[in-house]
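In our numbering, the protein residues as written are 11 to 489. Below you'll find the structure, written out as structure tokens, and then a few comments.
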Amino acid sequence: MQKFEKKDLKKKSVNLSEWYTDIILKAELADYAPVKGCMVIRPYGFAVWEKIQTFLDGLIKEKGVGNAYFPLLIPEKFLNLEKEHIEGFSPHLAVVTIAGGENLKEKLVIRPTSETVMYQMYKQWFHSWRDLPVLINQWNNVIRWEKRTYLFLRTSEFLWQEGHCAHLTEGENREMVLWGIKAYEKTYAELLAMYGLIGIKSQTEKFAGAKETYSIELLMPDGKALQGGTSHDLGQNFSKAFDWTVLNKEGKKIHPWQNSWGFTTRSIGGLVMVNGDDNGLILPPRVAPIQTVIIAISSGENQKLAEYIEKIQGILEKSGVRVKSDNNITASVGRRFNDWEVKGVPIRLEIGQKEMEKESVTFARRDNFDKGTVGIDQIEIKIKAILGEMQSLAYENHRKFTLDNTYKADSYDQFKKIMTGKRGLIRAFWCEDKECEAKIKAETKATTRILPLDAKKEKGKCIYCTKAAVNRWYFAQAY
RNA sequence: CGGGGUGUGGCGCAGUUGGAUUAGCGCGCCGAGUUUGGGACUCGGAGGCCGGCGGUUCGAGUCCGCCCACCCCGACCA
């Protein structure tokens with residue numbers, strides 16, 4: 011571990027973006043890689059990703075979707091088949107032109123997303139209505155060359171899952187699209203303790219090649235929104251582009267209806283931004299790789315203490331708490347306290363002579379620094395209670411923050427005022443004309459984020475052109 | 001791609017308007033010992049052709065030119 015002084019930690023309260031980068035490096039979640047725009051996810055950070063994977067993969071399997079693996083390299087011509095798709099992605103592609111020491115006759119694109127390779131196979135595999143639905147997901151990495159990068163939030167390579175399903179009917183397909191975005195909402199809410207808003211994207215903001223895109227938007231502490239996952243209704247765009255048909259019950263050729271949905275390591279970036287303070291990270295217990303750390307307080311080798319700690323650790327492990335004991339007595343107590351605080355471990359247990367004598371432990375909460383003592387017989391109950399409380403409090407805090415920073419704007423002046431101030435989410439009428447959207451973006455940096463799933467049609471006037479509008483869209487500056 | 005910034009031991013930096021010798025400092029690292037309830041201390045060590053190339057000069061970390069890399073801010077994006 012690279013040691014550093016507490017005074018050298020950047021302050022979240024002063025500059026979110028500096029704090030964010032600093033804390034990711036110092037908590038050892040990730041580091042910059044030798045390749046521009048790429049990052050190394052370190053074991054601690056990867057453990058967080060594994061928690062996310064486990065949770066989300068569970069939901070995916072529960073839905074009957076199976077995991078598979080498709081190749082990293084995609085023949086360029088596959089991408090060219092769907093016009094909007096290639097237009098959207100071509101500026102971001104990394105392309106292999108030489109392999110085995112020879113110039114390739116056909117260039118290979120490193121996948122930016124796998125629609126095209128996967129559907130090429132679907133077309134070969136599935137020919138009958140009996141083969142539908144196709145329910146396939148893969149966990150992998152993709153590369154999208156970005157001009158400007160940011161640890162976790164925007165790197166040229168990132169990890170994700172991409173689900174790609176195909177259905178016989180439009181309605182069934184749509185049901186799956188919505189299932190996808192709701193699975194992400196659940197992951198954020200229940201695992202990552204974050205409150206997100208789900209809804210549909212505008213035509214300019216949707217995925218390249220999709221008919222419709224649904225997104226979950228999360229509000230960050232600086233008032234900017236993070237797109238935390240998307241689920242795309244691809245309609246028949248790809249099946250038509252690839253000329254994939256199946257025979258329906260009537261023996262008629264139909265193009266399957268398709269959807270794709272992705273959730274990335276970006277979510278870790280959002281998690282960090284939302285959950286932390288000037289002392290470092292605060293991981294919600296359910297995603298925390300280590301939920302409780304035991305700090306041995308001792309002036310030297312102490313066999314009895316070691317045994318006592320082992321006993322406590324055993325109790326917690328047995329009850330399913332992820333616990334780690336830090337017996338590194340060559341480092342001072344304060345040093346160890348702080349190191350684990352930076353890493354965001356929810357609960358610290360201090361165990362020394364005092365605790366041993368009283369058959370107890372001292373606990374300290376990472377989120378509010380509450381400290382107390384609990385007897386060994388009560389420890390399991392106490393720790394679990396605190397973990398549960400921290401989890402729900404974290405979610406509640408983010409929910410409250412999001413709602414407190416969501417505004418209704420009925421005039422463009424008001425809109426601009428909010429966007430030049432502390433920002434946040436703005437609900438405003440928009441006529442759904444691309445030009446108004448573009449101008450609002452140019453003038454305020456705010457883009458349409460979503461139209462909520464449960465939005466009710468109202469009578470209103472476009473915030474920009476004042477023409478009649480029926481929907482209040484969410485606007486925000488975006489990451 | 002536009003704007004800004006930074007490259008000097010592992011990390012963070014200093015290095016006056018060009019002048020010396022052995023390029024300093026803090027942290028970290030290694031060894032020995034003493035310590036441990038909020039970032040310990042003492043002593044002793046290891047570790048650098050100052051991003052690269054070229055130029056000016058008796059003399060360049062320092063001046064000039066070109067290049068490279070990375071970071072931050074904008075446009076693109078999960």
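Backbone N, C-alpha and C fix where the C-beta goes; we use that ideal spot for every residue, glycine too.
DSSP beta-bridge partners of residue i
{"i": "Tyr484", "result": "Arg437, Ile460"}
{"i": "Val152", "result": "Phe168"}
{"i": "Val256", "result": "Ile264"}
{"i": "Cys446", "result": "Its beta-bridge partners do not exist; DSSP assigns none."}
{"i": "Ser138", "result": "Leu257"}
{"i": "Leu315", "result": "DSSP, once it has assigned bridges, lists no residue as partnering Leu315."}
{"i": "Thr302", "result": "Val333, Ile357"}
{"i": "Tyr160", "result": "Arg164"}
{"i": "Leu83", "result": "Ile120"}
{"i": "Ile210", "result": "Tyr224, Leu461"}
As assigned by DSSP and simplified to three states, the class of residue i
{"i": "Cys48", "result": "coil"}
{"i": "His408", "result": "helix"}
{"i": "Ile70", "result": "helix"}
{"i": "Tyr224", "result": "strand"}
{"i": "Thr197", "result": "helix"}
{"i": "Arg375", "result": "strand"}
{"i": "Gly245", "result": "strand"}
{"i": "Asn415", "result": "coil"}
{"i": "Asp232", "result": "coil"}
{"i": "Ser370", "result": "strand"}
{"i": "Leu293", "result": "coil"}
{"i": "Glu468", "result": "coil"}
{"i": "Ile396", "result": "helix"}
{"i": "Gln388", "result": "coil"}
{"i": "Val144", "result": "strand"}
{"i": "Gln348", "result": "Strictly speaking, residue 348 in this sequence is Asn, with Gln absent from that position. It is helical."}
{"i": "Asp287", "result": "strand"}
{"i": "Asn338", "result": "coil"}
{"i": "Tyr205", "result": "coil"}
{"i": "Lys20", "result": "coil"}
Closest by C-alpha distance to residue i, when choosing among the options
{"i": "Ser27", "options": "Lys36, Asp232, Tyr54, Asn90", "result": "Asp232"}
{"i": "Gly382", "options": "Ile361, Ser402, Gln401, Gly398", "result": "Ile361"}
{"i": "Arg505", "options": "Gly47, Phe252, Leu403", "result": "Past the edges of the chain, shown from 11 to 489, lies residue 505, and the structure says nothing about it."}
{"i": "Ala251", "options": "Lys211, Thr31, Arg184, Tyr129", "result": "Tyr129"}
{"i": "Leu178", "options": "Pro266, Ser249, Leu82", "result": "Pro266"}
{"i": "Lys36", "options": "Val45, Pro44, Lys21", "result": "Lys21"}
Boundaries (first-last residue) of the alpha helix (DSSP H) holding residue i
{"i": "Gly540", "result": "An answer regarding residue 540 cannot be provided, because it is not within the stretch 11 to 489 covered by the chain."}
{"i": "Ile428", "result": "422–430"}
{"i": "Leu35", "result": "26–36"}
{"i": "Gly98", "result": "93–99"}
Boundaries (first-last residue) of the beta strand (DSSP E) holding residue i
{"i": "Arg358", "result": "357–361"}
{"i": "Val105", "result": "105–109"}
{"i": "Gly219", "result": "Run containing Gly219: none; DSSP gives neither H nor E here."}
{"i": "Asp380", "result": "Premise fails: Asp380 is in no beta strand (DSSP E) and is neither H nor E."}
Rounded Cβ spacing between residue i and residue j (contact assumed at less than 8 Å)
{"i": "Leu228", "j": "Tyr198", "result": "7 Å"}
{"i": "Glu351", "j": "Arg376", "result": "6 Å"}
{"i": "Asn269", "j": "Ser249", "result": "About 11 Å separates the two Cβ atoms, so there is no contact after all."}
{"i": "Lys117", "j": "Thr107", "result": "6 Å"}
{"i": "Met359", "j": "Ile304", "result": "It is worth fixing the name first, because residue 359 is Leu in this sequence and not Met. Contact holds; Cβ gap of about 5 Å."}
Check: residue i C-beta below 7 Å from any heavy atom of the ligand HEM
{"i": "Glu442", "result": "This structure lacks the ligand HEM; in fact it carries no ligand of any kind."}
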